[in-house]
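Structure, as structure tokens:
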Amino acid sequence: PVAYQQDSGMVANDPVIKRFDLRLETRTSRTTRRDYDFEKPRLTLESENRGDALPDLEDYDYPGRFIDRERGKHLAKRALERHRSDFQLAEGKSDQPLLVSGHFLALTQHPKAKWNDLWLLTEILHEGKQPQVLEESVTSSTTNLKDDFHQGYRNRFQATPWDVPNRPPLTQKKPRILGSQSAVVTGPKGEEIHCDQYGRVKVQFHWDREGQADDKTSCWLRVSSAWAGAHYGGIAIPRIGMEVLVTFLEGDPDQPLISGCLYHKENVVPYPLPANKTRSTFKTLSSKGGGGFNELRIEDKKGQEQIFLHAQRDWDENVEHDQKIRVGNERHDTVEKNSYSEFKAEEHHTVYADRKVEARANDHLTVGVNQHIKVGTGQFIEAGQEIHLSSGMKVVLEAGSELTLKGGGSFIKIDGSGVTLSGPVINMNSGGSPGNGTGAAPLMPGVLKQADADKAGAVLTPAQINTLKRNAPFCEECEKCKAGACAI
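Just so you know, my numbering puts 57 at position 61 of the sequence shown, and the rest follows in order with no gaps.
Here is the structure:
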């Protein structure tokens, strides 16, 4: 213990505390820390620590550098302790050389009884003078000090109450990375694309001297996208060997993400530049091994405007309602193998000029009910061997002026003048038999394959959007969710 004795100019028998004052200052009384975890986007990661002191002054910080609430509570508590570690700060003077910073001072005999307690020494400034050792070098300046301190020992100190946690300020803050860096996408040997369920990839920075360009060169990096929704949006996974641009969320080295890809001398653009500067394209490469590609290309050169589509293998389309196509000039379709069409309602075709159709093999037509054909002028049918007309009930051939049946050098002619039969021999009710035709046997069309389909993404309801704006949970939270420990 060290006794308090007010400085009166007299020298005490033992070292004493000559001055002891207590300074009170207003400090922050509440700390709040908030952060965001992309794996739990609906969970509000916010932790608060509140004291009893007034006024209610808050220190709010984002990002809080945590991904679970228990860690957030710990950081908020430590931050409040730092704010309030010196809200009561004792300042004093003494001639006790045994005082050591970081140790307790047991103060006694102070007129204010509540100050006679343990105090944690946080700072001590020692001062000593012994002019006798200077001998003849002593000057009169040693006696001209304003406080008239000529020789001996004294100190000045600062201390806080023993029951107030001492948390020094964070003078060494976490380093920040300003700007962006380029890196190369890496992955395991033999792979061309390496990602996780979130589309994250790994990279190796150019300054990395220990990386082996494998799947252990970095943590997983999220990849920026032009559009990202619930099961909808756009995604293009950077492939191994691509150069990418890496930025850091809030400048945090532990939160890198990829904001784009970069061409270089070896990974060149799809079409030479600047010769093709009017082209915008999205061109992929078949994986693994290459050798094929899919592409959407837009040409904007005046007079050569074009939209080009290339599917290396299959191209599936799904139109949920109407499809309207207008071609201003000609249209050319080439199908290397079979073509299948299915119309579940009516089909309408209108041709304003000639229609030319050539079937270089057989032509099969099956009509479920009736077939109506109307020809404005003439209909001409020619078969190399046989024409067979068959009806289950009747066949009617009708002509406005003349009807002729001709075959084998004989004929029957029916016109306005009568019926004319001509042939080498005309047999009536004299036996014989009719000729037989081949009979119709049309083939049915093949089975149609359906286009590939997918499900629509999810849309947030107005209630969920309002909940996000309030940073509140979407539904009643379980205790584990509140603690940030729930796996859902």
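Ideal Cβ placement from N, Cα and C applies to all residues, glycine included.
{"Check": "Run the CB neighbour count on P165, radius 10 Å, all protein chains shown included, and call it buried at 16 or more, exposed below.", "Outcome": "exposed"}
{"Check": "Compare the Cα-Cα distances from G47 to each of G405, T22, K261 and report the closest residue.", "Outcome": "T22"}
{"Check": "Mind checking G183: buried by the 16 CB within 10 Å criterion, or exposed?", "Outcome": "buried"}
{"Check": "DSSP beta-bridge partners for Q177?", "Outcome": "V242"}
{"Check": "With DSSP run on the structure shown, which of helix, strand or coil describes L353?", "Outcome": "Note on identity: in this sequence residue 353 is Val, with Leu being the wrong assignment. Coil, per DSSP."}
{"Check": "Grouping DSSP H, G and I as helix and E and B as strand, with all else coil, what is Q2?", "Outcome": "coil"}
{"Check": "Can the beta-carbon of L253 be found closer than 8 angstroms to that of E239?", "Outcome": "no"}
{"Check": "Check whether the Cβ atoms of I231 and I189 lie closer than 8 angstroms to each other.", "Outcome": "no"}
{"Check": "Which word fits N45, buried or exposed, when buried means at least 16 other C-beta atoms lie within 10 angstroms of its C-beta?", "Outcome": "buried"}
{"Check": "Output the boundary residues of the alpha helix (DSSP H) element that contains Q77.", "Outcome": "What sits at residue 77 in the sequence shown is Glu, not Gln. Start and end: 65 to 80."}
{"Check": "Could you give the distance in angstroms between the alpha-carbon of G388 and the alpha-carbon of L401?", "Outcome": "21 angstroms"}
{"Check": "Is Q515 helix, strand or coil by DSSP?", "Outcome": "Outside the shown range of the chain, which is -3 to 484, sits residue 515, and nothing can be said about it."}
{"Check": "Going by C-alpha to C-alpha distance, which of P171, P234, K185 sits closest to G247?", "Outcome": "P171"}
{"Check": "Could you tell me which residues DSSP pairs with L217 in its beta bridges?", "Outcome": "V197"}
{"Check": "So, helix, strand or coil for V160, using DSSP?", "Outcome": "coil"}
{"Check": "Quick check: the Cα distance between L361 and P441, rounded to an integer number of angstroms?", "Outcome": "9 angstroms"}
{"Check": "Using the Cβ count rule (16 or more neighbours within 10 Å means buried), how would you classify P234?", "Outcome": "buried"}
{"Check": "Which of the three DSSP states, helix, strand or coil, is assigned to Q487?", "Outcome": "The structure shown does not extend to residue 487, since the chain is modelled only from -3 through 484, so no value can be given for it."}
{"Check": "Specify the secondary structure class of L361 as computed by DSSP and reduced to three states.", "Outcome": "coil"}
{"Check": "Measure the Cβ-Cβ separation of D33 and I63 and say whether it is below 8 angstroms.", "Outcome": "yes"}
{"Check": "What would DSSP say about K409, mapped onto helix, strand or coil?", "Outcome": "strand"}
{"Check": "From L399 to G414, what distance separates their C-alpha atoms?", "Outcome": "11 angstroms"}
{"Check": "If you count every other CB in all the chains shown that lies within 10 Å of the CB of K540, and 16 or more means buried, which is it?", "Outcome": "Since the first and last residues shown for the chain are -3 and 484, residue 540 lies out of range."}
{"Check": "Going straight from the alpha carbon of K14 to that of F153, what length do you get?", "Outcome": "11 angstroms"}
{"Check": "Roughly how many angstroms lie between the CA atoms of K445 and T373, to the nearest whole one?", "Outcome": "41 angstroms"}
{"Check": "Express the C-alpha separation of I321 and R327 in angstroms, rounding to a whole number.", "Outcome": "11 angstroms"}
{"Check": "Span of the beta strand (DSSP E) holding H306?", "Outcome": "302 to 306"}
{"Check": "Can you give me the C-alpha to C-alpha distance between A109 and T243, rounded to a whole angstrom?", "Outcome": "59 angstroms"}
{"Check": "State the DSSP-derived secondary structure class of P11, mapped to helix, strand or coil.", "Outcome": "coil"}
{"Check": "Nearest to F83 by alpha carbon, out of P161, V129, D329?", "Outcome": "P161"}
{"Check": "Using the three-state DSSP reduction, which class does W115 fall into: helix, strand or coil?", "Outcome": "strand"}
{"Check": "Nearest by alpha-carbon distance to A86: which of R74, A395, P93, L103 is it?", "Outcome": "L103"}
{"Check": "What first and last residue would you give for the beta strand (DSSP E) that runs through R38?", "Outcome": "Premise fails: R38 is in no beta strand (DSSP E) and is neither H nor E."}
{"Check": "Looking at A72 and R19, is the spacing between their C-beta atoms short of 8 angstroms?", "Outcome": "no"}
{"Check": "Measuring straight from C-alpha to C-alpha, what distance separates Y0 and W158?", "Outcome": "18 angstroms"}
{"Check": "Closer than 7 angstroms by C-beta to L385: which residues in its own chain qualify, once you throw out the five before and the five after it? Chain order, please.", "Outcome": "V391"}
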